[in-house]
Each structure stands twice: as structure tokens, then as C-alpha cells.
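K.L.:
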Amino acid sequence: MHAGLFRSLYRIRRVEEEVARVYASDKIKSPVHLSIGQEAVSVGVCDVLRTDDVVFGTYRGHALYLAKGGDMSAMVAELYGKVTGCTRGKGGSMHLIDTECGVMGTSAVVGTTIANAAGYAYALKVRRSDAVVASFFGDGATEEGVFAETLNFAVLKRLPVLFVCENNGYAIHTAQAKRQGLADICARARAYGMPAERLDGNDVLTLRARAEAAVARMRAGAGPQFIEATTYRWREHVGPGADYHLGYRAQAECEPWQANDSVRVIGELLAPEVRSMIVAAVEREVAEAFAYAETSPFPHPSELMTDIFTEDADELAACQR
Ligand SMILES: Cc1ncc(C[n+]2csc(CCOP(=O)(O)OP(=O)(O)O)c2C)c(N)n1
Ligand SMILES: [Mg+2]
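Numbering (the numbering used here), first residue to last: 5 to 325.
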């Protein structure tokens, strides 16, 4: 189990470090919201999900997409805007999807996928499936109306949704305590009638165990469950660099998180030769993913008007003119 968790954590860390490294070249045609430092939340939860369980997430979605089994080459090609990307180069970093392995979508619009997750869970319930849905969102998303409405509905209908709040303490540059009258997200979840627990988002083993228990309860029909994972974003809100010079947070705040880095902690549980083999395989995979993105073509201009949602033939014809 430790080897699998380390592999999953390390490949997310390394591909994002590469994204950050090549970003200045302007080959990546998309804003990037990096998960570096937050990987363990996606990895701990997704490790207990089946392929037919699904996840919905946010623009900070590289970790979730990869942890749930999304194809790395298709992700990097998507960031490059290439036709081999997971949305054929049309979505970019903020709109990753791989339905084959249950990554149903991520969105730039804060809070939207919380309701999408409940809708999918409702469909599962109607079909009497025992699959479950995990909905990932940030602490800022809990201030959106859709959060309140969805939690209420999920409890009412006993929907199999595991709500996972990745609480990194900030929405862009504003700390949680400056935004929330009651800075206790679990208390708000409990008020709607679901069990909720706050966990250390660096502690991938505890997260995994608690997610496993929550998923088992949902498969048995217990209805929605809530995990708040405390974590920390090491890089700037959007972009490849650090942002401590902006003054809204101090670098010292990050140091305890870095000292307890989940990638290193889990890696140290492995025999050195096992760790080296995983590291070498991941380095190859990352290099191949970037080579694939570099050499893939851009979409043909004729794709500009494909995959557009309109049932109105006149409107479509107008778009194509
Ligand atoms: C509906 C909506 N409102 C505002 C924004 C602008 N916005 C983009 S990211 C963000 C912060 C969200 O913070 P959080 O949910 O904590 O996620 P994090 O970026 O910390 O992962 C905001 C307000 C948006 N994209 N969508
Ligand atoms: Mg946040």
C-alpha cells in the first residue's frame, strides 16, 4: 500500500514541478493552479475509490485527475492546448476530464461541481448502484450558495456523496478567518445533518483510512459524509511561482507543512531500492508526457465550432459563418 501511495504522490509532485519549470517558455497555453503541497488529500481519498466511483473537482485539479487514474500525457497535452489533450485542447488545466476512470470534470467556476456531484449521486441512487461520488472543493467554495443548497439536498435524499473540502486556509489572497463568521466548516456540514471530521491533509494514511470508512458507510446507504482536510498551498494561487512577497501570508506559515511533506514522509517508509525504482519509473513517465505534448499537433481550425452546446440550427450556422 505504501508503495502505491508514494508512487501516486510522487508523480503528481513531479509533473507539477515540471509544469512550473516549463511555464516561462509559454508552451503551456493555460493558467495553472498547482496542488504542490496538497497532493495527499486527493491521493488518500482516491486510493479507496473504485474505477466506477466518480470524482468532481476544481480548477486546482491536476492532483485529483492523476490520483483517480487520469492519463498523464493527455493532461500535459491539454495544458499545451494540443488536440491529444483530454478535452482536445479546448479546456486547459482548469477543465480536466477522463470519464473512463471516473474523473467527471473540473471547473473554473468556484462551487459549480459540488452540485454536479450531487446530481450524479442522485442518478446512481435511482439506478440502485452502490458506486459513490467524491466532490472536491476548496474552503472558499463553502461560502457559495450552492454549497449550502447541495448539502441540504444530499442529506434529504441520502445521496452517496463524500464531500471533501481541501482547506488550504486561503481563497486567493484572503485568509479563512477574514471571510467566515464561523470558521468551522465541519460544524456547518454537521448542521445539515451529516457526519463530518477534520483531518490533517498531510497525513495520507489517516486520510485514506477515514475515507475508506466513510465510503463503506455510503455504500451501505448511510448518505453523505464530509471530510475537511487541512492543507497548505506552497505556490502562488495561480501560476508557477511563490507569492510570499505579496504580504498576505508569511513564508514561516508554510515551513511546518514542508517539514511534514507527505511525499517525503511516505517515501521514507519504503526500502530505498523500492523507492528508487518508483522514482525512475515516474521520471520516465513525466518525460514521456512532456515529449508527447511537445510533439502533438494543435487542433485543426475546423474544430473551433465543434463540441458547442446549442440545439438551435440558426445559432450554430451563425457561429460557423
Ligand atoms: C463563482 C466564482 N466566484 C469567484 C471566482 C474567482 N475565484 C477564483 S479562485 C477563487 C478562490 C477559491 O478559493 P478556494 O475555494 O479556497 O480554493 P483554492 O484556490 O484555495 O484551492 C475565487 C474567489 C470564481 N472563479 N468563480
Ligand atoms: Mg482555499
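We put the CB at the ideal spot given by N, CA and C, even for glycine.
Is R202 helix, strand or coil by DSSP?
P.N.:
Taking the sequence shown and counting its residues from 1, the one referred to as residue 202 is at position 198. Of the three classes helix, strand and coil, the one that applies to R202 here is strand, per DSSP.
K.L.:
Pick out the complete alpha helix (DSSP H) segments inside the region 143-195, 4 residues or longer, and give them in chain order.
P.N.:
Entirely contained in the region 143-195, the alpha helix (DSSP H) runs reaching 4 residues are, in chain order, 149-160 and 189-195.
K.L.:
Which of helix, strand or coil does DSSP assign to E232?
P.N.:
As a working note, residue 232 is residue 228 in the sequence shown. Strand.
K.L.:
How about the region 29-42 and the region 304-313: do they share at least three Cβ pairs that are nearer than 8 angstroms?
P.N.:
With the cut-off at 8 angstroms, the region 29-42 and the region 304-313 do not touch.
K.L.:
Less than 8 angstroms between the CB atoms is what I'm expecting for I118 and A145, so what's the real figure, rounded?
P.N.:
Residue 118 sits at position 114 when you count from the first residue of the sequence shown. Residue 145 sits at position 141 when you count from the first residue of the sequence shown. Going by Cβ atoms, the distance from I118 to A145 rounds to 7 angstroms, so yes, they are a contact pair.
K.L.:
Below 8 angstroms, how does it come out for the region 182-199 and the region 217-233: are there three or more Cβ pairs, yes or no?
P.N.:
Judged by Cβ distances under 8 angstroms, the region 182-199 makes contact with the region 217-233, as three or more pairs qualify.
K.L.:
Do you know offhand how far P244's Cα is from D318's?
P.N.:
Within the sequence shown, numbered from 1, the residue matching residue 244 stands at position 240. Within the sequence shown, numbered from 1, the residue matching residue 318 stands at position 314. If you take the alpha carbons of P244 and D318, they lie about 43 angstroms apart.
K.L.:
Can you tell me where the beta strand (DSSP E) with F302 in it begins and where it stops?
P.N.:
By 1-based counting over the sequence shown, the position of residue 302 is 298. Run containing F302: none; DSSP gives neither H nor E here.
K.L.:
Between S97 and V36, how many whole angstroms is the CB-CB distance? I'm expecting something under 8 angstroms.
P.N.:
Here residue 97 refers to the residue found at position 93 when the sequence shown is read from its first residue. Here residue 36 refers to the residue found at position 32 when the sequence shown is read from its first residue. Yes, S97 and V36 are in contact; Cβ-Cβ is about 5 angstroms, under 8 angstroms.
K.L.:
Using only Cβ atoms and a threshold of 7 angstroms, which residues come within that distance of a heavy atom of ligand 1? Order them by chain position.
P.N.:
That gives H37, T62, Y63, R64, A112, V113, V114, G115, F141, G142, D143, G144, A145, E148, E170, N172, Y174, A175, I176, R237 and H241.
K.L.:
With H, G and I counted as helix, E and B as strand and the rest as coil, what does DSSP make of M5?
P.N.:
Position 1 of the sequence shown, counting from 1, holds the residue named residue 5. Here M5 sits in coil by DSSP.
K.L.:
Are E148 and T235 closer than 8 angstroms when you measure CB to CB?
P.N.:
Walking along the sequence shown from the start, residue 148 turns up at place 144. Walking along the sequence shown from the start, residue 235 turns up at place 231. No. Outside cutoff.
K.L.:
Considering S97, what are the terminal residues of the alpha helix (DSSP H) in which it resides?
P.N.:
In the sequence shown, counting from the first residue as 1, residue 97 sits at position 93. That residue, S97, is in no alpha helix (DSSP H); it is neither H nor E in DSSP.
K.L.:
Any chance you could list the beta strand (DSSP E) runs of at least 3 consecutive residues sitting entirely within the region 45-106, in chain order?
P.N.:
Counting only runs of 3 or more, we get 58-62.
K.L.:
Is it buried or exposed, G65, if we count other Cβ atoms within 10 angstroms and call 16 or more buried?
P.N.:
Position 61 of the sequence shown, counted from the first residue, corresponds to residue 65. When all chains shown are included, G65 counts as buried.
K.L.:
Does the Cβ of G8 have 16 or more other Cβ atoms within 10 Å, making it buried, or fewer, making it exposed?
P.N.:
For the purposes of this step, residue 8 is taken as the residue at position 4 of the sequence shown. Flag for G8 reads exposed.
K.L.:
What residue from A81, V87 and G73 has the CA that sits closest to C105's CA?
P.N.:
Position 101 of the sequence shown, counting from 1, holds the residue named residue 105. Checked all of A81, V87 and G73; the closest Cα to C105 is G73.
K.L.:
Give the DSSP bridge partners of A138, in chain order.
P.N.:
For the purposes of this step, residue 138 is taken as the residue at position 134 of the sequence shown. In the DSSP output, where bridge partners are listed per residue, A138 has V59 and L166.
K.L.:
Straight-line CA distance for N264 to I32?
P.N.:
Residue mapping note: residue 264 aligns to position 260 of the sequence shown, counting from 1. Residue mapping note: residue 32 aligns to position 28 of the sequence shown, counting from 1. N264 and I32: Cα-Cα distance of roughly 30 angstroms.
K.L.:
Based on DSSP bridge pairs, tell me the residues matched to G197.
P.N.:
As a position in the sequence shown, residue 197 is number 193, starting the count at 1. G197 pairs with nothing; no bridge assigned.
K.L.:
Specify whether the region 267-274 and the region 9-20 touch according to this definition: at least 3 beta carbon pairs, one from each stretch, less than 8 angstroms apart.
P.N.:
As far as the Cβ criterion goes, the region 267-274 touches the region 9-20, which means the pair count is three or higher.
K.L.:
Given C50, which residues of its chain have a CB within under 6 angstroms of its CB, disregarding the five upstream and five downstream residues?
P.N.:
What you label residue 50 is simply residue 46 of the sequence shown in a count that begins at 1. Only A71 and K72 meet the Cβ criterion.
K.L.:
Report the three-state DSSP secondary structure of G225 (helix, strand or coil).
P.N.:
Here residue 225 refers to the residue found at position 221 of the sequence shown. Three-state DSSP puts G225 in coil, outside helix and strand.
K.L.:
Taking the alpha helix (DSSP H) that R268 belongs to, which residues open and close that run?
P.N.:
Translated into positions along the sequence shown, residue 268 becomes position 264. R268 -> alpha helix (DSSP H) spans S266 to G271.
K.L.:
Comparing alpha-carbon positions, which option in S34, F294, R162 and V242 lies nearest V137?
P.N.:
As a first step, residue 137 must be located in the sequence shown, where it is residue number 133. Among S34, F294, R162 and V242, the Cα nearest to that of V137 belongs to R162.
K.L.:
Just mark D143 as buried or exposed, buried being the case when its beta carbon has 16 or more other beta carbons within 10 Å.
P.N.:
Within the sequence shown, residue 143 is the residue found at index 139, counting from 1. The residue in question, D143, is buried, as its Cβ has 16 or more Cβ neighbours within 10 Å.
K.L.:
Identify whether S111 lies in helix, strand or coil by the three-state DSSP scheme.
P.N.:
Against the sequence shown, residue 111 aligns to sequence position 107. Correct three-state label for S111: strand.
K.L.:
Buried or exposed: which applies to P164, given that a residue is buried once 16 or more other Cβ atoms fall within 10 Å of its Cβ?
P.N.:
What you label residue 164 is simply residue 160 of the sequence shown in a count that begins at 1. With 16 or more other Cβ atoms within 10 Å, it is buried.
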